[in-house]
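For reference, the structure discussed in these notes is given below.
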Amino acid sequence: MIPLRDENPTRTVPFVTIAIIAVNALVFAYELSLGEGLKDAINAFGVIPYDIAHLRNYRTLLTSLFFHGSIMHIAGNMLYLWIFGNNIEDRLGHVRFLFFYLLCGLAAAFGHVVVSPGSHVPTIGASGAISGVLGAYLLLYPRARIVTLVPLFYFIRVVRIEAKWFLLIWIGLQVLNGSMQFAMEQSAGSQGGVAWFAHIAGFFAGIMLLKLFEFGRKDYG
389 MIPLRDENPT RTVPFVTIAI IAVNALVFAY ELSLGEGLKD AINAFGVIPY
439 DIAHLRNYRT LLTSLFFHGS IMHIAGNMLY LWIFGNNIED RLGHVRFLFF
489 YLLCGLAAAF GHVVVSPGSH VPTIGASGAI SGVLGAYLLL YPRARIVTLV
539 PLFYFIRVVR IEAKWFLLIW IGLQVLNGSM QFAMEQSAGS QGGVAWFAHI
589 AGFFAGIMLL KLFEFGRKDY G
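Here the sequence shown is numbered in the working numbering, starting from 389 and rising by one per residue.
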């Protein structure tokens, strides 16, 4: 399923969401300019679980949130951030949303480290932080409609799905894929691939942090 947009209007301009997307785009352009030096940059700015577990390179917990591995990687992440982030920013306010986003990203990275503490493979991407935004969206707007592209074999349909079903299916897939990958890594002794547990940790961090960041904010509509 590919979300195209939501039918959930906002009252304010999502300045922070736009700024985060812009920074990610600029960093990705920087990555493209590095050529053969890209691998060194990813090793320097990505989260390496082994390093974090041994109390080293904590700065990568933040820098990793702005690096991506491919055009599809950043495009998918920014699409989700744009669709779901503007409403959460609208609800929390600009400054609170920024700190909420970053804290969800930190929680996601730690979730990945806990599951794979011995991994030397660098992890990059904004998906952990964005997963926190999805968790918050599930609580706040479960009945909002998500216009979604659904490929069915040779056919493609555009349908409107309630956010609660879209997001529950999404987190269910993260848990399923994460469990399968973890089992394979344990049996084969290999490491790498998608950081599914970062997505899971970020999602539930968003759910748990939401009330804290909503404290003192007036409810509306």
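Built from N, CA and C at the ideal position, the CB exists for glycine as well.
Check	Outcome
Bridge partner(s) assigned by DSSP for P505	Answer by DSSP bridge pairing: none, since P505 is not bridged.
Inter-residue spacing [alpha-carbon to alpha-carbon] between L600 and T400	21 Å
Beta carbon of R533 nearer than 8 Å to that of K552	no
One or two residues paired with R545 in a DSSP bridge	V538
V404 - DSSP class collapsed to helix/strand/coil	helix
Selection from A589, I406, V502 and F455 that minimises the alpha carbon distance to G516	A589
Beta-carbon spacing of H508, Y438 below 8 Å	yes
Nearest-angstrom Cα separation, counted from F543 out to G523	30 Å
Cβ pair count under 8 Å reaching 3, the segment 556-565 against the segment 400-413	no
Three-state class that DSSP yields for G609 in the structure shown	With a pLDDT of 39 at G609, under the threshold of 50, the modelled position of this residue cannot be trusted; read the value that follows with caution. Residue state, collapsed to three classes: coil.
Under 8 Å between C-beta atoms of A586 and G499	yes
P391, enclosing beta strand (DSSP E) - first and last residue	I390 to D394
Per DSSP, cross-strand counterpart(s) of R533	E550
Rounded separation between A463 and F416 - CA only	11 Å
Under 8 Å between C-beta atoms of I518 and G457	no
CB-CB length for L480 against F472, believed under 8 Å	Contact flag wrong, Cβ pair sits at about 13 Å.
DSSP bridge partner residues for T511 (one or two, in chain order)	V435
C-alpha distance - L414 paired with L420, whole-angstrom precision	10 Å
Own chain partners of G609 with C-beta closer than 6 Å, once the 5 adjacent residues on each side are dropped	Note that G609 scores 39 on pLDDT, short of 50, meaning its location in the model is unreliable; the coordinates nonetheless yield the value given after this. Taken in chain order, the list of residues that qualify is empty.
Close beta carbons around R393, own chain, < 7 Å, minus the five adjacent residues each side	I471 and V535
With 16 other Cβ atoms within 10 Å as the buried cut-off, status of V502	exposed
Three-state secondary structure assigned by DSSP to F455	coil
CA-to-CA distance, A571 to P391, given in whole angstroms	29 Å
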